Amino acid sequence: MKKIYSVLVENRSGVLYKVAGLFSRRAFNIDSLVVGETDDPTVSCMTIVSSGDDHTLEQIEKQLNKKLDVIKVKTFHEHESVSRELMLVKVKYNRSNRRDIMEISDVLKAQIVDMSRTQMMIQLCDVPERAELFLKMLQSVSIVEVARTGTVALPKCHDQEN
Amino acid sequence: MNGAQAMVKCLELEGVEMVFGYPGVAICPFYDSILDSEIRTILIRTEQNAAHAASGLARVTGKVGVCAVTSGPGATNLITGIATAFADSIPLVCITGQVNSELIGSDVFQEADITGAAESFVKYSYLVKRAEEIPRIFKEAFHIASTGRKGPVLIDVPIDVQNAPIRKFSYPESVNLRTYKPTVKGHAVQIKKVMAELERAKRPVICAGGGVLLSGAQQMLREFSHKYQVPVVSTMMGIGAMQTEDDLYFGMVGNNGAPCANRAMNDADMVIMVGARVADRAVNQPEIITRDKVLVHMDVDPAEIGKNAGPTIPLVGDAANIFASLMETEIACDHSLWLQTLYAYRQQMQEKRSPNPAFVDPARFIQKLSGRMEHDAIYVADVGQNQIWSCKNCIVRDGKFLTSGGMGTMGYSIPAAMGAKLGLPDRQVVAVCGDGSFQMSMMELATMRQHNVPVKIVVIANRYLGMVREYQKNTYNSRYSVVDLSGSPDLSKIAEAYGMRFLRLQDPDREDEAIEEFLRGDDSVLMECVIDPMDVVK
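If you read the protein sequences in the order shown, they are chains A and B.
Note that numbering that gives the first Met the number 0 gives residue 6 to position 7 of the first sequence, counting from 1, and the numbers run on in steps of one.
Note that numbering that gives the first Met the number 0 gives residue 28 to position 29 of the second sequence, counting from 1, and the numbers run on in steps of one.
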């Protein structure tokens, strides 16, 4: 099972190492990990996607809470949140497949953000599954390189803060 | 005032009386400043033992143990000691010198990324960037080390920070960490539930871990156990929480534990784990304590509850505090039938050892030795066969039993005993080690001599790494590999070299007089107790 951990941490050097180290030390999975500053410059938000059985997922939360640089841990499942991933894909194109690539991009709402005579770079911002789908659709095309941000997520909006 | 002077001032304000350590260039400003202080410095002979000695002191005094070493190899040598303290939740503040801030990262002489290297063994660590931060960091470090689930905190101080001037020194009165607020008081609803279950239970048992001692809850545990007539077993770290001769105490659990203690755990319908991790050596199959039983797990660290066994009633808080709350409830319970069963088990399930009569039986020897020690003596057990013999046979009354339980670090006993003796100079302190573990720490005999620390040391000598040999006997069909300790020194000469009294006990008939001779007076003695080289724990 997958779970998303939105972890507010002290924005200090070494904190990423401590949190990532916790995952490797206790053999927890990291499917993705994204860090960025929040509206408060002393606080960073780490969005960690992990998978495992219920016991492991609970342990991850407890062990995260135990870290002294961790201010707050929020956990939620994918369906309880809005999650996004940004992906950049650089592909080789030619006259015969150019139209196909553009059509796929169009259908999946990806944008072409850079181009040369032989390569183009496509940007997709969507849920992680759609990013996977996009890559799958491009399988017939020669992909030069791919960069993905990993998932960022927040729990869905409620009228009362929980 | 400079950074180093501020560091010393902080230690003084924290009431630190002693620092164990080993200097080097990167910590020299600190060791220069400490000359102007009343704080006593103990030059240990290898850095690992500085942490062990600080641990021994912390465990008998309840204060935070402090050690200070230099950068690079000094710091990396300290890691095993830090990890040992971490595994047993012992409060330490470990100070390391570091190379000049501007040189960090350039791999200069004696540079080691110690905060990085020690990360998984510390409760928290600091790399001090500016001298102004020293008072706040020290205040926080002592607070973090000594509250909640205790543990080692590392402070890495670059030499330029130690030398930097501080305009105004002010020590914070309190700590305000938004990320750290340990729960001490047990939740009232959970407390009620526990007492309701205890009233219902027919066969309750308490399993006491090291957390009881760390919280200073021995007396509360004993009161609780007697008030409600609940039998107690302990983990290795919980030895001494109950007096071993208490009728309601049934011994240590686990694969090296007392059969009647394990039987009590298995037959119980309610298990109250307190300050114990439910780790593999104590509870081999966690499902046994959860199946058909009410499991109450009390611990100050919420992450320990449910880690290895899912409890029926989780109860986060400090052991002393929880016992006090529990005892506010009056319940009617009668466990006399259950106790009768356990007394019968205790009679029937005595372990049958078949010791070689030509040699001293280490089990009997330890019973006699600990039985004749002063009522409040400190017994420090090392690691190996000697540890298991000690755990099973040591009689603890009002004193303490110390050992490296979680990490099982060989060589722990001598430096820890030294720290304990320095912490409580009026107590009798005895370290019991094997000939393997003795040789890991025998350099500290010099420290004992230099600083006049009269520790009594027993070496249970079998010329083998006995625990591993026993394992190889059972698991590898007696193919012994790298366990032969021939080449070990003549211990009488070692004792002579360090100016210690020496005794060799070889003849089992001379046991009593040897023990009497050994315990006589408050001086350093080294006793070699020669046992059958092939003797086994099981």
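All C-beta atoms, glycine included, are put in the ideal place defined by N, C-alpha and C.
Treat the numbers as computed from the prediction; the structure is a model and nothing was measured.
1) Select from the region 95-120 of chain B all residues with a C-beta closer than 9 Å to any C-beta belonging to chain A, and list them in chain order.
2) Listed from N- to C-terminal order along the chain, which residues in the region 160-177 of chain B have their beta-carbon within a distance smaller than 9 Å of any beta-carbon of chain A?
3) Which whole-angstrom value describes the C-beta separation of R624 (chain B) and D266 (chain B), a residue pair presumed to lie in contact below a C-beta threshold of 8 Å?
4) Decide if N461 (chain B) is buried, meaning its Cβ has at least 16 other Cβ atoms within 10 Å, or exposed.
5) Does DSSP put L447 (chain B) in a helix, a strand or coil?
6) From the DSSP output, which residues share a beta bridge with G35 (chain A)?
7) Counting only runs of 3+ residues fully inside the region 370-412 of chain B, write out the beta strand (DSSP E) ranges in chain order.
8) Can you round the beta-carbon distance between A5 (chain B) and V63 (chain B) to whole angstroms, since I take them to be within the 8 Å contact cut?
9) Fully enclosed by the region 47-109 of chain B, which alpha helix (DSSP H) runs are 4 residues long or longer?
10) Alpha carbon to alpha carbon, what distance is there between S70 (chain B) and G23 (chain B)?
11) Got a sec: is the Cβ-Cβ distance from V69 (chain A) to anything in chain B below 8 Å?
12) Is A267 (chain B) close to chain A? Criterion is C-beta to C-beta, closer than 8 Å.
13) What distance in whole Å lies between the Cβ atoms of V293 (chain B) and A263 (chain B), which are believed to be in contact at a cut-off of 8 Å?
14) Take the Cβ of V8 (chain A) as the centre, count every other Cβ of all protein chains shown within 10 Å, and call the residue buried at 16 or more, exposed below.
15) With DSSP as the reference, identify every bridge partner of I459 (chain B), one or two as the case may be.
16) Alpha carbon to alpha carbon, how far is N254 (chain B) from N283 (chain B)?
17) Would you report the Cα separation of G316 (chain B) and V482 (chain B), rounded to the nearest angstrom?
18) Have a look at the DSSP bridge pairing and note the partners of Q228 (chain B).
19) Roughly how many angstroms separate the alpha carbons of V270 (chain B) and V229 (chain B), rounded to a whole number?
20) Within 10 Å of its beta-carbon, does F400 (chain B) have 16 or more other beta-carbons around it, so buried, or fewer, so exposed?
21) Beta-carbon of K306 (chain B) versus every beta-carbon of chain A: anything under 8 Å?
22) Can D68 (chain A) and V126 (chain A) be called in contact, C-beta distance under 8 Å?
23) Spatial neighbours of F364 (chain B) within its chain, please: CB distance less than 7 Å, with the 5 preceding and 5 following residues excluded, ordered by chain position.
24) Under the assumption that I136 (chain B) contacts I154 (chain B) (Cβ atoms under 8 Å), give the Cβ distance between them as a whole number of angstroms.
25) In the DSSP assignment, find the alpha helix (DSSP H) that holds E510 (chain B) and state where it starts and stops.
26) So, for R468 (chain B): in the same chain, excluding its five sequence neighbours on each side, which residues have a beta-carbon less than 8 Å away from its beta-carbon?
27) Let me know if V188 (chain B) comes out buried or exposed under the rule of 16 or more other beta-carbons within 10 Å of its beta-carbon.
28) Do V299 (chain B) and P414 (chain B) have their beta-carbon atoms positioned less than 8 Å apart in this structure?
29) So what does DSSP say about R500 (chain B), is it helix, strand or coil?
30) Output needed for F57 (chain B): all residues of its chain with C-beta closer than 7 Å, excluding positions within five of it in sequence on either side, in chain order.
31) What is the DSSP secondary structure of M479 (chain B), counted as helix, strand or coil?
32) Measuring CA to CA, which of B:G20, B:M236, B:A130 is closest to A67 (chain B)?
33) Find out if the Cβ-Cβ distance for the pair R426 (chain B), D360 (chain B) is shorter than 8 Å.
34) Using CA coordinates, which residue listed in B:F223, B:E303, B:G210 is at the minimum distance from V204 (chain B)?
35) Report yes or no: do the region 319-327 of chain B and the region 343-357 of chain B share at least 3 C-beta pairs separated by less than 8 Å?
36) Drop a sphere of 10 angstroms on the beta-carbon of A117 (chain B), count the other beta-carbons inside from all chains shown, and report buried for 16 or more, exposed for fewer.
A quick look at the data gives this:
1) T114, G115, E118, S119
2) L176, R177
3) The structure shown does not extend to residue 624 (chain B), since chain B spans only 0 to 537, so no value can be given for it.
4) buried
5) The residue you asked about is not Leu; residue 447 (chain B) is Met in the sequence shown. Of the three classes helix, strand and coil, the one that applies to M447 (chain B) here is helix, per DSSP.
6) A:C44
7) 377-380, 399-401
8) Going by Cβ atoms, the distance from A5 (chain B) to V63 (chain B) rounds to 18 Å, so no, they are not a contact pair.
9) 72-86
10) 7 Å
11) yes
12) no
13) Actually they do not touch by this definition, with Cβ atoms about 15 Å apart.
14) buried
15) B:G433, B:C528
16) 7 Å
17) 44 Å
18) According to DSSP, Q228 (chain B) bridges with nothing at all.
19) 10 Å
20) buried
21) yes
22) no
23) E510, C528
24) 6 Å
25) 510-518
26) Y479, V482
27) exposed
28) no
29) strand
30) Note on identity: in this sequence residue 57 (chain B) is Ala, with Phe being the wrong assignment. Cβ within range, chain order: V63, G64, I89, P90, L91.
31) A small fix is needed here, since residue 479 (chain B) is Tyr in this sequence, not Met. Reduced to three states, the DSSP call for Y479 (chain B) is coil.
32) B:G20
33) no
34) B:F223
35) no
36) buried
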